[in-house]
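What follows is a single structure, written as structure tokens, with notes after it.
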Ligand code: AP5
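In the numbering used here, the protein residues as written are 1 to 217.
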């Protein structure tokens with residue numbers, strides 16, 4: 001089953017994607033993770049995307065569509081589930097491109113799950129977030145701290161990081177970009193009969209159950 005997780009920054013897309021990967025053998029394709037890998041690579045392209053991400057703006061459609069096309073091209077189909085598109089598409093042009101990429105491979109988009117969270121909660125979530133630099137597990141200072149301070153619960157790494165764009169200024173810009181360029185996708189996928197809306201304000205496990213239910217419907 002191929003699905004899109006749609007939602008504002010901090011809505012819980014990455015958190016729910018990891019649950020779906022573990023439980024359903026799906027493959028997570030996160031353009032945010034791919035761009036962070038590019039920025040850490042030290043290349044010219046990495047330097048360019050770093051500046052855009054830190055400012056809370058969207059990277060060009062051409063770059064992110066290229067990243068997704070590469071991943072789909074490299075896929076050998078040796079996994080049980082389908083793809084979870086996390087943070088992609090974010091513009092109407094990206095949505096059209098994804099439709100064409102899936103069609104070209106004979107793949108079907110099952111559903112688009114919108115995680116809906118109000119802006120106030122997003123600020124708290126994003127400013128309290130940290131992740132494991134080794135395995136990618138996502139934590140939060142208050143709602144999901146590590147069991148042992150400074151140590152990842154999953155892999156034991158001490159490499160816990162905060163994102164450069166997880167501050168109130170950058171988040172304000174990311175939200176503006178979301179409402180201007182990404183939220184039109186809600187209507188786009190509703191018109192295609194693919195949209196499922198989930199209340200993302202509930203605790204993580206409750207959101208997971210609601211996502212499962214939405215995917216069955
Ligand atoms: P990206 O990495 O995609 O960031 P984002 O969309 O801003 O989303 P986040 O990763 O911030 O949040 P999330 O929804 O995954 O929430 P999470 O599960 O971590 O993109 C970063 C940048 O890259 C963009 O700004 C842009 O520059 C560029 N980019 C990426 N894709 C692009 C594209 N397609 N086109 C152009 N540019 C692109 O949860 C957040 C926190 O909340 C965590 O601490 C978590 O523990 C906590 N939490 C999660 N769920 C709950 C819950 N139910 N209750 C309480 N706490 C919760």
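Glycine included, each C-beta is placed from N, C-alpha and C at the ideal position.
Residue of the options minimising C-alpha distance to residue i
i, options, result
"residue 156", "4, 50, 135", "135"
"residue 108", "25, 99, 114, 115", "99"
"residue 178", "70, 116, 80", "116"
"residue 143", "18, 176, 200, 125", "125"
"residue 138", "119, 20, 170, 161", "161"
"residue 36", "23, 54, 28", "54"
"residue 198", "172, 169, 176, 112", "112"
"residue 74", "27, 44, 52", "27"
"residue 165", "50, 151, 4, 97", "50"
"residue 79", "187, 22, 163", "22"
"residue 119", "205, 110, 147, 168", "168"
"residue 96", "122, 76, 121, 69", "69"
Residue i - containing beta strand (DSSP E), residue span
i, result
"residue 189", "Element bounds for residue 189: not the beta strand (DSSP E) but the alpha helix (DSSP H), 184 to 191."
"residue 19", "Not the beta strand (DSSP E): residue 19 falls in the alpha helix (DSSP H), residues 13 to 24."
"residue 29", "27 to 30"
"residue 132", "129 to 132"
Endpoints, alpha helix (DSSP H) assigned at residue i
i, result
"residue 162", "Unbroken run through residue 162: none, as it is neither H nor E."
"residue 2", "Here residue 2 belongs to no alpha helix (DSSP H); instead the beta strand (DSSP E) covers 2 to 6."
"residue 213", "204 to 216"
"residue 49", "44 to 54"
Backbone secondary structure at residue i - three-state DSSP
i, result
"residue 142", "coil"
"residue 64", "helix"
"residue 197", "strand"
"residue 170", "helix"
"residue 148", "strand"
"residue 123", "helix"
"residue 153", "coil"
"residue 58", "coil"
"residue 78", "coil"
"residue 177", "helix"
"residue 73", "helix"
beta-carbon residue i near the ligand FMN non-hydrogen atom, thresh 8 Å
i, result
"residue 157", "Absence of the ligand FMN from the depicted structure is noted, with the ligand AP5 being the only ligands included."
(message) Could you tell me which whole alpha helix (DSSP H) segments of length 4 or greater appear in the segment 83 to 118?
(response) 92 to 104
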